[in-house]
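First residue of the sequence shown: 198, per my numbering; consecutive thereafter.
Here is the structure we will look at.
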Amino acid sequence: MNLARLVMIDLSGPRVTPAEREFLSARRPGGVCLFARNVVDRFQLAEYIEELRSLAGSDLIVALDQEGGGVVRVTDLPYPPSAMALGAADDVELTRAVAEATGRGLRSVGVDIDFAPVADVNSNPANPVIADRSFGADPRLVARHVAAFVQGLQAAGVGATVKHFPGHGDTAIDSHLALPTLDLSFEELERREWPPFVAAFEAGVAAVMTAHIVMRRIDPELPGTLSRTVITGLLRERLGFDGVVFTDALEMKAIAERWGGPEAAVMALAAGVDMPVQVASLARQEETITALERALAAGRLDERALEVSLTRLARLISGERSAPRPAEAWHEGDAALLDAAARRALVTIGAADGLPTVAPGDGVVLVAAEATRQSAATQATVSPASGLVAALRERGVEVAEVRYQADAAQAALEEALTRARGADLVVFASTARTVLKDSEIELARRLAGASGKRFLHVALWNPYLVAAVPGPALVTFGWRDRSVQAAARALMGEMTTTATAPVELASA
């Protein structure tokens, strides 16, 4: 038995290195997880995936995270707005259609599995890693959109993966950085965390991804990824899921700092996982495969159970693969569909007199942080407000920017107040993934107080930040181009906002 067939690895860049070529040919791992660093564009990606399969075998499973919103690995394929944007629009047919367009794009370059959708119910506003990646805070809303997303992806021939079982929505710690622990009862899990997963199972979802979280009342010692009680006892036996189970990346600090990736891979397989995801160096991948071989020889792993896992993995790619056709990734109507999804997601908070608008020739002062380092899940550095500035300028609005460092926003206060005095509209654009610094909040409050009805907060990422800033707010649930274009349209009075936030939001 080649135990490497049970391991999903990652690779270093957009070209296969000689060392990677040798490893793929010699070890023949079962899967590769792609990241933005592996992608130049969809044409290069299609060739890259073909090369990977020529080296590791035609049954190599290729997966990535194309969730939408901030978590997108291939930006020149169709992709959704954030899950929370779709939850705000709350149209399951829209969600299904957007997911199907996403799946067609992925299929056109040879991707088998999308590590999406997120099935976590974002019940904790302080959640630093899920937030807008969730469809919302209501288990029923999340469940119906998870099911629709699964159906759309899989109708296009790409396997969906619901994550992160047994539920990551109530955490206040990012498992990329540390190990979260939750004290939820079985009844709370069954009532709030699991309905979206059950809905996905009923929709025929191909796979589940585990959470690196300790559920203290279920297994007080081990995180879900490594717990046989969670994976076999709950997911397999109680909830009846017989599809593929992937781990989240085992080199995340929640796992790696205590158990180490190779040992965690052994423990995950023993718990009932089918394919550990090991995002690490080639040397670490080699250590992982060796650890599995030794564990099997020592009786720590059951060979029959591993054979069952290999059978499940084979089912993922049992259908006939068509040749990659990246030139056909976009279908007629896809762009209009995705534009509509972004527009229909916009939410206005605290604007009893309506959203303040501007016209061509008007002056807008936009105050925002400099480039923001995104979360580990997003893996990029962007300046979210730049897109909104560009979209307004395209429409003839004169935009003056005041940028500040998040840790020292007070340094920009006087300039912001001075520029704001003669402006037709003063926009504070929040761009943080998690929280605003105290100095940012003070800057926003001073601006709001000085500008009165000419002030607007545009929340370009974390919607919960509206609670920190006084005055009316426009919430986009994301900073990608289609979302900021929709925001610009709303600010120009070209459209009205109709969505309702799928989480509780109130301005300060």
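Ideal placement from N, C-alpha and C gives every residue a C-beta, glycine not left out.
Considering only C-alpha positions, which residue in the set the options is nearest to residue i?
i    : options                   : result
T333 : R590, A542 and A587       : A quick correction: the sequence has Gly, not Thr, at residue 333. Answer by Cα proximity: A542.
S251 : R218, L431, L563 and V405 : R218
R388 : G401, V402 and P363       : P363
R651 : T673, F625 and W676       : F625
S704 : A656, V681, V476 and V204 : A656
W456 : D531, R491 and H409       : H409
V470 : E399, G668, E504 and R337 : E504
V586 : A556, V681 and T631       : V681
A296 : R330, H342 and A223       : H342
Y601 : L622, E384 and L563       : L563
E384 : L431, K634 and T407       : L431
A233 : L208, P215 and A216       : L208
A286 : T673, Q607, V632 and V402 : T673
P581 : A629, T422, A201 and G401 : A629
R433 : A400, P420, H373 and A468 : A468
G649 : A539, R677, G401 and P669 : P669
Report all residues from its chain with a CB closer than 6 Å to the CB of residue i; omit the five preceding and five following residues, and keep chain order.
i    : result
P521 : A243, V306 and G307
I150 : Shown here, the chain extends from 198 to 705; a query on residue 150 therefore has no answer.
P322 : Y661
A446 : V474 and V476
R509 : V441 and D471
V339 : V318, F332, G333 and P393
F398 : F438
Going straight from the alpha carbon of residue i to that of residue j, what length do you get?
i    : j    : result
I258 : A357 : 13 Å
D536 : R679 : 6 Å
V269 : Y276 : 7 Å
E500 : S506 : 10 Å
R304 : Q263 : 12 Å
F220 : N235 : 17 Å
V476 : A453 : 11 Å
V411 : L350 : 30 Å
A465 : T444 : 8 Å
S424 : M692 : 50 Å
G302 : V315 : 19 Å
A352 : G267 : 24 Å
A548 : L688 : 13 Å
P557 : R293 : 37 Å
D311 : G354 : 11 Å
R414 : E598 : 51 Å
What's the call for residue i, buried or exposed, on a 16-neighbour Cβ count within 10 Å?
i    : result
P417 : exposed
M281 : buried
M198 : exposed
E517 : exposed
T485 : buried
E448 : buried
G210 : exposed
A641 : buried
Q482 : buried
P226 : buried
A566 : buried
T299 : buried
A396 : buried
T378 : exposed
T407 : buried
A223 : exposed
Excluding five sequence neighbours on each side, which residues of the same chain lie with their C-beta closer than 8 Å to the C-beta of residue i?
i    : result
A488 : P459, E460, A462 and V463
S320 : A334, G366, D367 and R389
V213 : L221, Y245, E248, L249 and L252
D559 : V594, E595, D621 and L622
A403 : I310, Q351, G356, A357, T358, G440, V441 and L513
So, with DSSP's three-state summary, where would you put residue i?
i    : result
F438 : coil
Y601 : strand
I514 : coil
Q682 : helix
P417 : coil
A408 : coil
F232 : coil
V271 : coil
I327 : coil
E595 : strand
V339 : helix
A260 : strand
G649 : helix
G584 : helix
P459 : helix
A316 : coil
Quick one: residues in its chain with C-beta nearer than 7 Å to the C-beta of residue i, no 5 flanking neighbours on either side, listed in chain order?
i    : result
E525 : S305
R643 : L610 and L614
A647 : L614 and A617
A375 : K450 and A451
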